[in-house]
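Q:
Numbering (the numbering used here), first residue to last: 665 to 1098.
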């Protein structure tokens, strides 16, 4: 009996020792070394050792997807990989082992020297009673390192009753990465230019009558030493201007329109109405590039938007210049937003997509409802169109106001020509005066 008690005691002792030794070894089967914090684009080195014959190594990103995976033989191991440049900030987990026998380590990815937004510039927008205001898609943000930049904004919805009559109201918006609210102050002007809300200054004519040569003096676009661009592809010759009624205005002929037959009617019609002119030598120079200030002047003249009391805040728009009143009025109406550095870019050539955006915003002010709300861009190079211009291009393509340059291409980043500017403005004008 004593013998069995002794044997049982020995077995229990051996079992306890075995479990203790097993647990000691289990803690040392896989070892991972610490990993320092990283920034996107950094190299990450995973090192350690294991007594197992083979283990797998995985790196799991903050959104729980596997970013990196590899295997390692027993003993010491070292693995290195590079974080993507757009790696999301957060905690990344390294898992090494087999089955339920694993070791883990973590490291954090942070954005390098990311400045903090401390304020957002207030936005001023103008509209006409019963016309929905066009709010900017980006706002100017100020950082704690004394710099500024543009950030996307999502505005709160606007109730139509807010712009049903003259007055002012405020709209708030959300900018990612900050709890600070963006704010837009909307000024609503009554039709005919009178405001019932006590605002001072002249109003903006919301829906002008057809242009009269007596009312609208011609704009002489200053000719600079602009290099001529190649004429658009021959496919453009097939473009037809909607309608064929010739304006009953003074006939204006230019000697150099043979190369742009698709634009001839538009150029001559707008010239007859005093909206555009040539340099004075009998030519129009249709293939010359057009600047941002030039096309804005044409637009304001064509649709009769005049606010002599409008003030421009753009740093490069100087009072007294031939374009000042047009730019100031367009800025007040929200037709133009300017650049991140506070300038407008008066002397910069305008791209085809930016031209489309300006013209589309004019159509919104005129309440023309070009798009169906579900319009889609049908150009083959639609992926080259910037996000802010997609709605404008889609709506005006649907209405036939804009066409491609051949092979169903829109060429959004190409600079617009004087002929192209005349065509798009004339098409919108004819559609608005039908």
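All C-beta atoms, glycine included, are put in the ideal place defined by N, C-alpha and C.
1. By the 10 Å Cβ neighbour count, where 16 or more other Cβ atoms means buried, how is residue 946 classified, buried or exposed?
2. Taking DSSP's pairing of strands, which residues face residue 814 in a bridge?
3. If we count Cβ pairs, one from each stretch, closer than 8 Å, do we get three or more for the stretch 767 to 776 versus the stretch 793 to 800?
4. Would you say residue 848 and residue 829 are within 8 Å of each other, going by their C-beta atoms?
5. Let's see if you can read the secondary structure: which residues bound the alpha helix (DSSP H) around residue 967?
6. Under three-state DSSP, which class holds residue 1051?
7. Round the Cβ separation of residue 988 and residue 996 to the nearest angstrom and send it over; I've been treating them as touching at under 8 Å.
8. Kindly give me the distance between the Cβ atoms of residue 993 and residue 1010, rounded to whole angstroms, as I take these residues to be in contact under 8 Å.
9. Anyone know if the C-beta pair for residue 709 and residue 742 falls short of 8 Å?
10. Given a cut-off of 8 Å on the beta-carbon distance, is the pair residue 1065 and residue 1092 in contact?
11. Please state whether DSSP places residue 1088 in a helix, a strand or coil.
12. Beta-carbon within less than 6 Å of residue 1002's beta-carbon, same chain only, minus the 5 sequence neighbours each way: which residues are those?
13. Residues in the same chain with beta-carbon distance under 6 Å from residue 704, minus the five sequence neighbours each way, listed in chain order, please.
14. Measure the Cβ-Cβ separation of residue 774 and residue 753 and say whether it is below 8 Å.
15. Between residue 789 and residue 851, what straight-line distance do the alpha-carbon atoms span, to the nearest angstrom?
16. Identify the continuous beta strand (DSSP E) that holds residue 845 and give its terminal residues.
17. Within this structure, are the beta carbons of residue 1097 and residue 1014 separated by less than 8 Å?
18. Confirm, please, whether the CB-CB distance from residue 817 to residue 838 is below 8 Å.
19. Assuming residue 836 is part of the beta strand (DSSP E), what are its boundary residues?
20. For residue 845, collect the residues of the same chain with a Cβ closer than 6 Å to its Cβ; drop the 5 residues on either side in sequence, then sort them by chain order.
A: Short version:
1. As a working note, residue 946 is residue 282 in the chain shown. Residue 946 is exposed by the Cβ-count criterion.
2. Here residue 814 is taken as the residue at index 150 of the chain shown, counted from 1. BP columns for residue 814 point to 804.
3. Output reads no: the stretch 793 to 800 does not touch the stretch 767 to 776.
4. In the chain shown, counting from the first residue as 1, residue 848 sits at position 184. In the chain shown, counting from the first residue as 1, residue 829 sits at position 165. Not closer than 8 Å, so no.
5. One-based indexing of the chain shown puts residue 967 at position 303. Run containing residue 967: 956 to 967, per the alpha helix (DSSP H) assignment.
6. Along the chain shown, read from residue 1 onward, the residue named residue 1051 stands at position 387. Here residue 1051 sits in helix by DSSP.
7. Counting from 1 along the chain shown, the entry for residue 988 is found at position 324. Counting from 1 along the chain shown, the entry for residue 996 is found at position 332. About 12 Å separates the two Cβ atoms, so there is no contact after all.
8. The residue you call residue 993 lines up with position 329 of the chain shown. The residue you call residue 1010 lines up with position 346 of the chain shown. That pair is no contact at about 14 Å.
9. Locating residue 709 in the chain shown gives position 45, where the first residue counts as 1. Locating residue 742 in the chain shown gives position 78, where the first residue counts as 1. Against a cut-off of 8 Å, the Cβ pair of residue 742 and residue 709 comes out as a contact.
10. As a first step, residue 1065 must be located in the chain shown, where it is residue number 401. As a first step, residue 1092 must be located in the chain shown, where it is residue number 428. Yes; because the gap between Cβ atoms is below 8 Å, this pair is in contact.
11. As a working mapping, residue 1088 is identified with position 424 in the chain shown. In the structure shown, residue 1088 sits in a helix (DSSP, three-state: H, G or I).
12. Within the chain shown, residue 1002 is the residue found at index 338, counting from 1. If we look at residue 1002 and ignore the five residues flanking it on each side, its Cβ neighbours are 978, 1008.
13. Numbered from 1 along the chain shown, position 40 holds the residue referred to as residue 704. 747, 749, 751.
14. On the chain shown, position 110 is the one that residue 774 refers to. On the chain shown, position 89 is the one that residue 753 refers to. Between residue 774 and residue 753, the C-beta spacing is below 8 Å.
15. Counting from 1 along the chain shown, the entry for residue 789 is found at position 125. Counting from 1 along the chain shown, the entry for residue 851 is found at position 187. Going from the Cα of residue 789 to the Cα of residue 851 covers about 6 Å.
16. For the purposes of this step, residue 845 is taken as the residue at position 181 of the chain shown. 845 to 853 is the extent of the beta strand (DSSP E) around residue 845.
17. One-based indexing of the chain shown puts residue 1097 at position 433. One-based indexing of the chain shown puts residue 1014 at position 350. No, the pair does not count as a contact, with Cβ atoms beyond the cut-off.
18. Residue mapping note: residue 838 aligns to position 174 of the chain shown, counting from 1. Residue mapping note: residue 817 aligns to position 153 of the chain shown, counting from 1. Result yes, Cβ atoms of residue 838 and residue 817 sit closer than 8 Å.
19. Position 172 of the chain shown holds residue 836. Residues 831 to 838.
20. The sequence position of residue 845 within the chain shown is 181, counting from 1. Once the five neighbours on either side are set aside, the close Cβ partners of residue 845 are 836.
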